[in-house]
Amino acid sequence: MSATLSPMSLTGKVALVTGAARGIGRVTARRLAELGAAVALADVLPEVEEAAGALRDEGHTAVAARFDVADPGAVGAGVTALRNAVGEVGILVSNAAIVANIAPVAKMAHASWERELAINLTGAFNMVQAVIGPMVEQRWGRIVVISSGAAQGGLHNQAAYAASKAGLLGLVKTITLEHARHGISCNAILPGMIETENVRAMPIEIREAAIQQTPARRFGRMEEVAHLVSFLASEEGGFLNGAEINIDGGLRLGGLALGSRRELTQGGRP
Ligand SMILES: NC(=O)c1ccc[n+]([C@@H]2O[C@H](COP(=O)([O-])OP(=O)(O)OC[C@H]3O[C@@H](n4cnc5c(N)ncnc54)[C@H](O)[C@@H]3O)[C@@H](O)[C@H]2O)c1
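Per our numbering, residue 21 is the first one in the sequence shown, and the count goes up by one each step.
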């Protein structure tokens with residue numbers, strides 16, 4: 021028996037992407053719009069208005085709202101405004117995050133730890149709380165949470181970031197347990213090194229070391245993450261649920277190289 025596989029479409033869906041003013045969030049919002057979704061872009065930065073405007077200029081349905089995901093009141097008001105503009109949210113991409121707290125555990129300031137947890141972890145919880153009720157009523161929803169490979173492997177001098185990203189995995193799995201029966205999927209994407217504005221701004225020696233540690237010997241592209249998000253957001257992706265999906269060119273594998281000296285020093289196959 022042969023089955024026909026129709027092309028993926030998000031027509032008729034409303035997708036809300038946080039952290040959509042730039043980087044992975046912005047590219048993801050574009051990808052979802054290109055697949056036919058009406059997109060709601062949220063961010064603290066004013067550039068989010070310009071990002072939505074650029075999509076509208078290309079004929080897509082796109083609206084923007086500025087709010088801090090760490091503030092539950094602002095999230096509630098912001099999501100209500102977006103819902104009034106484009107309709108009930110069926111797809112949530114919780115992507116907003118900060119890395120602002122670089123220090124060893126022994127020296128990390130409490131306030132910095134708390135702010136990073138508040139945005140990266142509690143922010144996702146606030147967003148889910150704001151959209152999950154109508155998803156349950158509609159018996160359909162897709163939640164994609166952008167975590168990080170740091171959730172599994174930790175990150176030197178970034179305990180708050182790694183802990184916040186690991187916390188998201190517990191949130192994602194619990195949402196699946198509670199809501200898979202309501203037609204809702206919730207998955208975590210764990211990027212490795214993706215060539216965003218932030219990564220491009222890193223010192224060249226850090227960039228090169230990161231590439232050498234990545235078996236694919238390159239950074240990922242924002243579009244590659246956006247494609248993965250769009251599959252998880254689609255009808256077709258609905259049975260994938262509660263998963264941790266690494267998109268990292270193999271970085272998580274560690275790959276202690278006991279092969280040839282050339283492989284160790286040049287990162288290439290002999
Ligand atoms: N770039 C990478 O290599 C990489 C690797 C692993 C994980 N990630 C994750 O991918 C996601 C996107 O990363 P990026 O590199 O595009 O980041 P980015 O810093 O370029 O974009 C993040 C966006 O989130 C917004 N934001 C920050 N705090 C906010 C708040 N309190 N409320 C609302 N919006 C807020 C920022 O203004 C920004 O527009 C993040 O969750 C990040 O942790 C990125």
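Using N, Cα and C, we set each Cβ at its ideal position, and we do this for glycine too.
So residue i is in the alpha helix (DSSP H); what residue range does that whole segment cover?
{"i": "P211", "result": "Element bounds for P211: not the alpha helix (DSSP H) but the beta strand (DSSP E), 204-211."}
{"i": "V219", "result": "217-220"}
{"i": "L137", "result": "130-137"}
{"i": "G73", "result": "67-77"}
{"i": "L188", "result": "179-199"}
{"i": "L248", "result": "242-253"}
{"i": "I122", "result": "Looking at the DSSP string, I122 is not in any alpha helix (DSSP H), and its letter there is neither H nor E."}
{"i": "E108", "result": "Premise fails: E108 is in no alpha helix (DSSP H) and is neither H nor E."}
Can you find a heavy atom of ligand 1 that lies under 7 Å from the Cβ of residue i?
{"i": "N115", "result": "yes"}
{"i": "V219", "result": "yes"}
{"i": "R237", "result": "no"}
{"i": "L65", "result": "yes"}
{"i": "A90", "result": "yes"}
{"i": "M222", "result": "no"}
{"i": "R42", "result": "yes"}
{"i": "M128", "result": "no"}
{"i": "A6", "result": "The first residue shown for the chain is 21 and the last is 290, placing residue 6 beyond what the model contains."}
{"i": "T216", "result": "yes"}
{"i": "A62", "result": "yes"}
{"i": "T100", "result": "no"}
{"i": "S250", "result": "no"}
{"i": "Q132", "result": "It is Ser, not Gln, that sits at residue 132 in the sequence shown. The answer is no for S132."}
{"i": "M213", "result": "yes"}
{"i": "T9", "result": "In the structure displayed, the chain extends from 21 to 290; residue 9 sits before or after that span and is not available."}
Which residue comes first and which comes last in the beta strand (DSSP E) that contains residue i?
{"i": "T38", "result": "34-38"}
{"i": "I166", "result": "161-166"}
{"i": "V83", "result": "82-86"}
{"i": "E264", "result": "264-267"}
Which residues in the same chain as residue i place their Cβ atom closer than 6 Å to its Cβ, once the five residues preceding and following it in sequence are excluded?
{"i": "S254", "result": "M28"}
{"i": "G187", "result": "L141"}
{"i": "D88", "result": "V64, A94"}
{"i": "V106", "result": "V34, A58, A60, V83"}
{"i": "E69", "result": "A84"}
{"i": "G288", "result": "Caution applies to G288, whose pLDDT of 49 falls short of 50 and renders its modelled position unreliable; the value that the coordinates give is listed next. Here the set comprises nothing."}
{"i": "G45", "result": "V37, G39, N115"}
For residue i, count the other beta carbons within 10 Å of its own beta carbon; 16 or more makes it buried, fewer makes it exposed. Which is it?
{"i": "H176", "result": "exposed"}
{"i": "H199", "result": "buried"}
{"i": "S184", "result": "buried"}
{"i": "A49", "result": "buried"}
{"i": "K124", "result": "First, the residue type needs correcting, since residue 124 is Pro and not Lys in the sequence shown. P124 is exposed by the Cβ-count criterion."}
{"i": "F239", "result": "buried"}
{"i": "G43", "result": "buried"}
{"i": "S205", "result": "buried"}
{"i": "G275", "result": "exposed"}
Sorry if obvious, but does the Cβ on residue i come closer than 7 Å to a heavy atom of ligand 2?
{"i": "L52", "result": "No copy of ligand 2 occurs in the structure displayed; its ligands are ligand 1 alone."}
Spatial neighbours of residue i within its chain, please: C-beta separation below 7 Å, excluding the five flanking residues on both sides.
{"i": "A144", "result": "S114, V165, L188, L191"}
{"i": "A236", "result": "G269, G270"}
{"i": "A150", "result": "V95, G96, V99"}
{"i": "A170", "result": "Q178, Y181, A182, K185"}
{"i": "E256", "result": "M28"}
Taking residue i as the reference, which of the options has the closest Cα?
{"i": "N104", "options": "R241, A229, L36", "result": "L36"}
{"i": "G56", "options": "G45, R76, A23, I214", "result": "R76"}
Who are the Cβ neighbours of residue i in its own chain at under 8 Å, not counting the five residues just before and after it?
{"i": "A101", "result": "A85"}
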